[in-house]
Amino acid sequence: MKTESITAFEAVFGKDYERNESVKNNGYAIVEPELVIFDRDALKVAPRKLYRFDTDGKRWYYEFLDSMNTVPMFYCGVTSSIASLDLLPSSEGLYFYYNKFSSMEAAKQDMQRKADYGSFIHVLISRFIKLRTLEFADMDDLVALYKAHYDLDYSNRHWADRAIKDLIAVKNWMDDYEVKPLATELVLPGKDGYATAVDLICEMTLGSGQNCKVLKTDIKNGTMQTVRAAIDFKTGDGFYETHEMQMEAVRRVVNENLPELKVTKMFNVSPKGITDLKCEMKDQTDKVTHTALVNDAPITYFDLYWEIFKMRNPNFNNPRHINIFKGSVSLDAPASETVQHISLNPYNLVIEKHRRDQ
Numbered sequence: 006m007k008t009e010s011i012t013a014f015e016a017v018f019g020k021d022y023e024r025n026e027s028v029k030n031n032g033y034a035i036v037e038p039e040l041v042i043f044d045r046d047a048l049k050v051a052p053r054k055l056y057r058f059d060t061d062g063k064r065w066y067y068e069f070l071d072s073m074n075t076v077p078m079f080y081c082g083v084t085s086s087i088a089s090l091d092l093l094p095s096s097e098g099l100y101f102y103y104n105k106f107s108s109m110e111a112a113k114q115d116m117q118r119k120a121d122y123g124s125f126i127h128v129l130i131s132r133f134i135k136l137r138t139l140e141f142a143d144m145d146d147l148v149a150l151y152k153a154h155y156d157l158d159y160s161n162r163h164w165a166d167r168a169i170k171d172l173i174a175v176k177n178w179m180d181d182y183e184v185k186p187l188a189t190e191l192v193l194p195g196k197d198g199y200a201t202a203v204d205l206i207c208e209m210t211l212g213s214g215q216n217c218k219v220l221k222t223d224i225k226n227g228t229m230q231t232v233r234a235a236i237d238f239k240t241g242d243g244f245y246e247t248h249e250m251q252m253e254a255v256r257r258v259v260n261e262n263l264p265e266l267k268v269t270k271m272f273n274v275s276p277k278g279i280t281d282l283k284c285e286m287k288d289q290t291d292k293v294t295h296t297a298l299v300n301d302a303p304i305t306y307f308d309l310y311w312e313i314f315k316m317r318n319p320n321f322n323n324p325r326h327i328n329i330f331k332g333s334v335s336l337d338a339p340a341s342e343t344v345q346h347i348s349l350n351p352y353n354l355v356i357e358k359h360r361r362d363q
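Start counting the sequence shown at 6; every next residue gets the next number (our numbering).
Next up, the structure:
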């Protein structure tokens, strides 16, 4: 196996793989998100430092409220929290999707494979923006190493061709809209107790065409506008109400934490390299403005869903202890003699981690 390809894998997926291995081996992982600021003039003040705490199937973010790193404050992810309520309507496309398969199990397997590719290309896009260059010659090995490292039980060789085309699509999107990255991989907390990741904050040029495309008439009449936008990359088919909710959370945390950036637009961007080497872009700015009446008072659906989540989960910002069992079970001995039960307190884990690192 080529040394340079292993190096390429480590450069692109190293941090992500280390996190997954830590969860698998230890029951949890603690990482510091890789914030990259491209324009210090635009982002003069660095955002508050948040860390990520992963358990099996659950993600938290946290910061310390004191300089000695002894009082952690945890935040839950807003999108998964709202989605867990099962209150958002399912799209018509989702019903058609399930009907394509002979069983629910086959549909779930296909969805998992799509999610696997989504995780793969999402990291690639992030690293492309950060590193500025990715070599296509490494792609076959990146795909093969990803399959081996993440224990995928199916052939994913077709990912290489698709990923190359999707990266070209992202580059074409950046050229079409004159995208200038300002910062990537931000994780920002909200005053209401949630946090969310922001894939990209950028300056971009918009026109009057479909999906804000710059037209020749825009160039002739000078009607283009340069805006600052928050971008969230998606890889699935279509855009759904959960995406609107997520972008509303992004809008709020960006405005709360980085008001000086004056971010005014919110876009989902989905590479469609497999079809035309272009990206589909959806303007999600102010999409969650619809209101409901609760006790005769108007409230946005985002706030309504978040309040329902908090009522159903009053301890939503207190991660549960991690329970690990080691040893064995035997019909010839009490479980108390053969089973070792280890209970890990997330608060203690993060405090001890930062104490060791000081």
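Backbone N, C-alpha and C fix where the C-beta goes; we use that ideal spot for every residue, glycine too.
Since this is a predicted model, take the numbers as computed values, not measurements.
Bridge partners - residue i, DSSP secondary structure assignment
| i | result |
| --- | --- |
| L193 | T201 |
| N323 | N323 is not bridged to any residue. |
| L211 | Q230 |
| Y22 | Beta-bridge pairing links Y22 to no other residue. |
| A235 | I206, M271 |
| I42 | A188 |
| V36 | R57 |
| G82 | A200 |
| C284 | P276 |
| H346 | F330 |
| A29 | Correcting the residue type first, residue 29 is Lys in the shown sequence and not Ala. Answer is none; K29 lacks a bridge partner. |
Spatially closest choice to residue i from the options, by CA coordinates
| i | options | result |
| --- | --- | --- |
| K225 | P319, E26, A16, G212 | G212 |
| V203 | D223, E140, L187 | L187 |
| Y377 | T343, V128, Y122, K54 | Absent from the structure is residue 377, since the part of the chain shown begins at 6 and ends at 363. |
| K185 | D145, T231, K221, G214 | T231 |
| N323 | K63, L191, F14 | K63 |
| N31 | D115, M271, I126, T60 | T60 |
| K54 | P264, D281, I173, L40 | L40 |
| H346 | T228, H326, L70 | H326 |
| E357 | N25, V76, K29 | V76 |
| G278 | Y310, D308, D242 | D242 |
| D419 | R167, S86, D171 | With the chain running from 6 to 363 in the structure shown, residue 419 is simply not present. |
| D115 | D180, L157, L136 | L157 |
Cβ separation of residue i and residue j, assumed to be a contact under 8 Å, to the nearest whole Å
| i | j | result |
| --- | --- | --- |
| G82 | Y199 | 7 Å |
| V259 | L193 | 7 Å |
| C217 | D288 | 7 Å |
| R162 | V175 | Between V175 and R162 the Cβ distance is about 22 Å, and since that is not below 8 Å, they are no contact. |
| L150 | F14 | 5 Å |
| R317 | K267 | So it is not a contact: roughly 36 Å between Cβ atoms. |
Residue interval of the alpha helix (DSSP H) (run including residue i)
| i | result |
| --- | --- |
| M73 | From DSSP, M73 is part of no alpha helix (DSSP H); its letter is neither H nor E. |
| R360 | 351-362 |
| Y122 | 109-136 |
| T305 | First-last for T305: 302-305, but that is the beta strand (DSSP E), not the alpha helix (DSSP H). |
| A254 | 246-262 |
| L150 | 144-154 |
| R167 | 164-181 |
Proximal residues to residue i (C-beta, below 7 Å), its chain only, five neighbours per side dropped
| i | result |
| --- | --- |
| E183 | M209, T210 |
| A88 | T247 |
| K119 | G241 |
| D291 | none |
| R24 | A34, V36, D59 |
| E26 | none |
Cβ-based neighbour list, residue i, same chain, cut-off 6 Å, excluding 5 preceding and 5 following
| i | result |
| --- | --- |
| R132 | V17 |
| H359 | N74 |
| T240 | G123, I126 |
| I130 | V175, F238 |
Other residues of its chain near residue i: CB distance less than 8 Å, five sequence neighbours each side excluded
| i | result |
| --- | --- |
| Y56 | I35, V36, E37, P38, Y66, Y67, E68, V355 |
| T84 | T201, T247, M250, Q251, A254 |
| I42 | L48, A51, L187, A188 |
| G195 | Y80, V83, T201, A254, R257, V258, E261 |
| C284 | A174, V175, N177, W178, V274, S275, P276, K277 |
N- and C-terminal bounds of the beta strand (DSSP E) containing residue i
| i | result |
| --- | --- |
| F58 | 56-60 |
| D291 | No beta strand (DSSP E) contains D291, which DSSP labels as neither H nor E. |
Distance cut-off 6 Å: residue i Cβ against heavy atoms of the ligand FMN
| i | result |
| --- | --- |
| Y122 | Ligands displayed in this structure: none; no statement on the ligand FMN is therefore possible. |
Residue-chain proximity (residue i, chain C), Cβ-Cβ < 7 Å
| i | result |
| --- | --- |
| T189 | The structure shown contains no chain C; it is built from a single protein chain. |
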